[in-house]
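Participant: Start counting the sequence shown at 5; every next residue gets the next number (this note's numbering).
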Amino acid sequence: MRITYHGHSCFIIEAGKYKIIIDPFLSGNPMAKIKPKDVKVDAVLVTHGHGDHLGDAVDISKRNNALIIAPFELVNYCNEKGATGHPMHIGGSYNFPFGRVKLTIAHHGSTTDTGATGNPCGFVVTMEGKTIYHAGDTGLFSDMKLIGEINRIDAAMLPIGDNFTMGIEDAIKAVEFLRPRIAIPMHYNTFDVIRQDPKHFTDGLKGSQTKGVILGSGEGIEI
Ligand code: NI
Ligand code: MN
5 MRITYHGHSC
15 FIIEAGKYKI
25 IIDPFLSGNP
35 MAKIKPKDVK
45 VDAVLVTHGH
55 GDHLGDAVDI
65 SKRNNALIIA
75 PFELVNYCNE
85 KGATGHPMHI
95 GGSYNFPFGR
105 VKLTIAHHGS
115 TTDTGATGNP
125 CGFVVTMEGK
135 TIYHAGDTGL
145 FSDMKLIGEI
155 NRIDAAMLPI
165 GDNFTMGIED
175 AIKAVEFLRP
185 RIAIPMHYNT
195 FDVIRQDPKH
205 FTDGLKGSQT
215 KGVILGSGEG
225 IEI
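1) Please state if the CB of residue 225 and the CB of residue 205 are separated by a distance shorter than 8 Å.
2) Tell me the DSSP secondary structure of residue 148 in three-state form.
3) So what does DSSP say about residue 114, is it helix, strand or coil?
4) Could you tell me the boundaries of the beta strand (DSSP E) in which residue 78 lies?
5) Closer than 7 Å: is that where the CB of residue 56 sits relative to any heavy atom of the ligand NI?
6) Which residues in the same chain have their Cβ closer than 6 Å to the Cβ of residue 1, if we skip the five residues on either side of it in sequence?
7) Report the residue ranges of all alpha helix (DSSP H) runs contained in full by the region 148 to 224; include only those spanning at least 4 residues, in chain order.
8) Below 8 Å on the Cβ atoms is my guess for residue 141 versus residue 52; work out the distance and round it to an integer in Å.
9) Please check if any C-beta of chain B sits within less than 8 Å of the C-beta of residue 90.
10) For residue 96, which residues in the same chain have their Cβ closer than 8 Å to its Cβ, ignoring the five residues on either side in sequence?
11) Got a sec? Which residues, its chain only, sit under 7 Å from residue 64 by beta carbon, not counting five neighbours each side?
12) Cβ-heavy atom distance between residue 195 and the ligand MN below 7 Å?
13) Ends of the alpha helix (DSSP H) at residue 33?
14) Quick one: what's got a C-beta closer than 6 Å to residue 186's C-beta in the same chain, skipping five residues either side?
15) Determine the direct distance from the alpha carbon of residue 198 to that of residue 99, and round the result to whole angstroms.
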């Protein structure tokens with residue numbers, strides 16, 4: 005499995021012949037080096053309706069004829085904009101051709117230009133025998149212990165920016181709960197209020213069983 009970071013909370017995951025994108029905030033993202041039209045994917049996963057996560061999801065879905073996989077209310081919003089969505093909800097999982105997706109809780113909000121779009125989520129995605137956990141935007145919660153117990157997580161993507169989500173200290177605690185093989189920080193340095201030094205996060209993981217991996221925008225890792 006190859007994981008490529010595109011700044012903020014956006015990742016492209018490739019495994020076998022399939023490719024998915026999570027939280028495709030590219031237009032207007034000062035960290036993103038690719039354009040929505042460069043994205044070729046089989047599915048678009050969106051954690052919640054905020055612009056820095058929903059981003060170019062509808063456009064990418066239409067161009068690629070790719071499903072938007074998100075909480076029910078957000079999929080309804082995307083469908084109204086002409087995308088094709090597959091609605092899910094917290095605790096539910098589903099086997100797609102590219103792999104298995106399960107929605108986890110996230111403590112946050114979810115709104116678009118037209119109002120509330122239900123609950124936000126995180127994703128546990130398994131492709132080709134590898135499992136990743138993308139927390140979405142969330143504060144720390146102790147059920148992360150359960151997510152780590154139920155899943156053998158190869159890579160966890162965790163927000164560290166603080167202000168809107170967990171900060172570094174809580175993200176280090178999240179790693180303790182989740183016990184992933186590697187942890188990748190996200191949701192930092194895009195805006196002034198979420199400025200962080202990700203090295204403080206990876207340094208905080210030294211001596212634990214998890215390796216902290218900082219990816220620059222456009223950089224990837226094979227796991
Ligand atoms: Ni948000
Ligand atoms: Mn956000």
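No residue lacks a Cβ here, since even glycine has one placed at the ideal position from N, Cα and C.
Facilitator: The relevant details are as follows:
1) no
2) helix
3) It is coil, neither helix nor strand.
4) It is not in any beta strand (DSSP E) - residue 78 instead sits in the alpha helix (DSSP H) that spans 76 to 84.
5) yes
6) The requested residue 1 is not part of the displayed model; the chain covers only 5 to 227.
7) Segments of the alpha helix (DSSP H) lying fully in the region 148 to 224: 148 to 154, 172 to 182, 202 to 208.
8) 6 Å
9) Included in the structure is just one protein chain, with no chain B present.
10) 106, 107
11) 25, 28, 40, 43, 45, 48, 70
12) no
13) Premise fails: residue 33 is in no alpha helix (DSSP H) and is neither H nor E.
14) 159, 215, 217
15) 35 Å
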